[in-house]
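Here the sequence shown is numbered in my numbering, starting from 2 and rising by one per residue.
Glycine included, each C-beta is placed from N, C-alpha and C at the ideal position.
Please read these numbers as outputs of a predicted model, since none were measured by experiment.
To start, the structure itself, in structure tokens.
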Amino acid sequence: MGKLISLLPYSLRLAWLNLLRNGRRSALSILIITIAVFALTSAGGFGLYTYDSLKESTARDTGHLTLSQPGYFESDEEMPLSNGLSDTSELIRTIMKYDEVRGVQPRIDFTGLISNGVKSTIFMGTGVNDREFDMKGPFLDMRSGKTLTDITSSRYDVMEPEIMLGVDLARNLNVSVGDWVTLLATTSEGALNAFDFKVHGTYSTGVPELDKRQLYIHINSAQELLLSEKVSTLSVFLFDTEKTAELHQRLDQELEAMPLDYDVEITPWQERAFFYNKVKDLYDLIFGVMGFVMGLVVFVALFNTMTMSVTERTREIGTLSALGSYPNEIIHSFLREAGLLAVIGVVLGAVMTALTTILLLVVDVQMPPPPGRTDGYPLNIYFSFELVAYAGVGVVCICLLAAYLSAKKGVKKPITEALIYV
């Protein structure tokens with residue numbers, strides 16, 4: 002430690018020695034700064050993890066970009082698929098030529114009644130193809146059975162059209178994998194149509210209200226049920242969520258030049274991420290208040306430390322002034338001491354956050370389910386150098402301000418009074 006200190010410039014070595022004059026008080030100040038930085042960076046890291054998880058979950062559920070007719074999400078359809086997209090093959094080929102695109106998935110959204118032969122209830126159905134579940138990845142929680150089979154494979158039995166039910170919907174209907182249910186829906190022409198489906202799997206979205214109503218069927222089955230070849234939307238999935246805005250702009254220009262028979266509107270995932278936006282607004286407010294409180298604690302602690310240090314060294318300040326030191330030079334010496342305290346505390350706080358990040362990757366700590374959901378999630382935090390930099394700069398500025406106010410008051414004392422101060 003002595004060799005390390007000897008490598009520092011003289012002014013910093015002097016500041017370090019001054020801090021050691023009351024080691025316990027300096028150590029307490031460093032501890033307070035360390036805890037404040039740890040609290041800010043770890044809480045901020047948890048927020049970043051939460052934002053990223055919600056972002057990926059939403060993007061993989063709705064698609065990074067959604068193509069639809071203008072106003073599709075603002076108004077209800079008079080008949081199923083009346084505002085749908087037709088002849089989408091050319092549109093899909095145009096989108097798939099971009100390297101950023103992982104896949105383009107057509108979807109059909111519809112509602113109706115589902116029955117087990119004895120009991121009936123309302124459902125919210127989504128017609129998809131089998132690749133939809135590859136896009137969802139770990140964000141699809143299968144509870145039993147399997148996802149929909151590739152309709153072009155030999156394993157798919159056309160005599161047994163498949164359906165996936167939300168876990169609570171299956172429980173309410175008292176059906177399980179292998180049982181049959183009947184879907185009744187209004188066709189695009191306004192008539193009623195009904196098909197039988199075999200339960201191929203059950204899943205959970207983590208939202209009880211959705212699990213009671215939601216189901217998936219093959220998009221071909223949905224088109225046959227609704228007597229239409231249209232699709233409701235095209236969901237564009239990307240390899241990198243950060244490329245969403247860039248591809249959105251490029252697709253806008255591409256679609257304007259395409260000779261389509263209908264208008265197409267592109268909706269980014271952020272505009273459909275209601276839960277994500279509300280959570281982010283809430284967390285931003287919480288972390289803002291928390292940062293203010295932590296900053297206030299650090300300011301009070303450092304102001305108290307530096308005030309006591311200035312008071313104890315009043316005669317020393319008077320002696321330095323008598324020997325010709327300028328007030329600014331004396332103030333700068335206290336600023337260096339406060340800055341050294343802040344830097345040490347910031348480094349220790351950042352190290353604590355890094356160690357906690359690694360520990361949470363090894364130890365599985367589960368958070369309780371958030372409001373409106375049934376499933377918890379693992380507690381993780383992201384270590385962000387940018388976040389550490391922001392917290393560090395903020396803490397250093399607060400410490401320097403506290404030291405400046407304390408030292409400025411001390412150097413204003415007349416030299417004669419300072420020299421005889423007891």
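The criterion of a C-beta distance shorter than 8 Å is satisfied by Phe288 and Gly45.
Cβ contact annotation for Lys213 (same chain, cutoff 6 Å, sequence separation greater than five): Asp169 and Leu170, in chain order. CA-CA distance, Val344 to Val396, rounds to 9 Å.
Within the segment 123-197, the complete alpha helix (DSSP H) segments at least 4 residues long are 133-137 and 168-174, listed from N- to C-terminus. Listed as beta-bridge partners of Leu114 by DSSP are Ile123 and Leu185. A direct Cα-Cα distance of roughly 54 Å separates Leu349 from Asn173. Nearest to Leu185 by alpha-carbon distance, out of Leu228, Met143 and Glu210, is Leu228. Secondary structure within the segment 15-74: the beta strand (DSSP E) runs of 3 or more consecutive residues, fully enclosed, are 66-69 (chain order). Distance from the CA atom of Pro369 to the CA atom of Thr354, rounded to whole angstroms, is 22 Å. The C-beta distance from Thr234 to Arg108 rounds to 5 Å, short enough to meet the 8 Å contact threshold.
A distance below 8 Å separates the beta carbons of Leu41 and Met295. Beyond the five residues adjoining it in sequence on each side, Thr312 comes within less than 8 Å, by CB distance, of Gly411 in the same chain, given in chain order.
Less than 8 Å separates the beta-carbon of Gly346 from that of Ile31. Exposed is the label assigned to Phe386, since fewer than 16 other Cβ atoms lie within 10 Å of its Cβ. Taken in chain order, the complete alpha helix (DSSP H) segments of 4 residues or longer contained in the segment 308-393 are 315-323 and 328-363. With respect to the C-alpha of Ala351, the residue from Ile164, Ala390 and Asp88 having the closest C-alpha is Ala390. CA-CA distance, Glu101 to Met291, rounds to 38 Å. Judged by beta-carbon spacing, Phe196 lies within the 8 Å limit of Leu226, meaning their Cβ atoms are closer than that value. In the DSSP annotation of this structure, the continuous segment of the alpha helix (DSSP H) that includes Leu252 starts and ends at Thr245 to Ala258.
For the pair Gly118 and Phe238, the CB atoms are not nearer than the 8 Å cut-off. Where Pro209 is concerned, the enclosing alpha helix (DSSP H) starts and stops at Pro209 to Asp212. Closest in alpha carbon position to Thr89, among Ala404, Phe293, Leu68 and Val363, is Leu68. Here Ile220 is buried: its Cβ has 16 or more other Cβ atoms, across all protein chains shown, within 10 Å. In this structure, DSSP gives Phe238 an extended state, which the three-state scheme calls strand. Shown here, Gly202 sits in a strand according to DSSP, grouped into three states. Lys231 counts as buried, since no fewer than 16 other beta carbons sit within 10 angstroms of its beta carbon. Collapsing the DSSP output to three states places Val102 in a strand. Less than 8 Å divides the Cβ of Ser189 from the Cβ of Ser83. Looking at the DSSP output, Glu266 bridges to Ser69. Under the three-state reduction of DSSP output, Leu283 falls in the helix class. In summary, Gln367 is exposed, with fewer than 16 beta-carbon neighbours lying within 10 Å of its beta-carbon over all protein chains present.
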